[in-house]
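Student: Okay, here's the structure, questions in a sec.
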Amino acid sequence: MSTLHVVSHSPFSDTRLGSCLRLLGSEDALLLCGDAVYALQLQGSALTSLEDKNVFILEEDLLVRNLECPIWATGVDYPAFVELSIHYDKVNTWL
């Protein structure tokens, strides 16, 4: 069963992103939104662990924070976010 994991909290303020990455299965995807897009500023193995995954990033949150979508991720708008939610069997929001 595939899951879309949605993380919105900064990886610099808590451990939700790290916990999510440990549970991410091969059929799962990760959507970064809100302050979670700051994960693009991680260094070393933390950033590499994101590059190996199926990662989507909410474009509006990138724009607001003046960040660019890396080539290994896919930028999405809100309609595409809805489509992702329908595509995956489950959606797990890391509140």
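Each residue of the sequence shown is one higher than the last, beginning at 67 in our numbering.
Where is the CB? At the ideal position from N, CA and C, for every residue including glycine.
Keeping to the same chain, check which residues put their C-beta closer than 7 angstroms to that of L90; ignore five residues upstream and five downstream.
Tutor: H71, L96 and K119
Student: State the start and end residues of the unbroken beta strand (DSSP E) segment that holds I137.
Tutor: From DSSP, I137 is part of no beta strand (DSSP E); its letter is neither H nor E.
Student: Kindly confirm or deny that the region 107 to 118 and the region 140 to 156 touch, where touching means at least three C-beta pairs closer than 8 angstroms.
Tutor: Cβ pair count under 8 angstroms is below three, so no.
Student: On the CB-based measure, 16 or more other CB atoms within 10 Å of its CB, does I152 come out buried or exposed?
Tutor: exposed
Student: Just the C-alpha distance for Q107 and V157, rounded to the nearest angstrom, thanks.
Tutor: 25 angstroms
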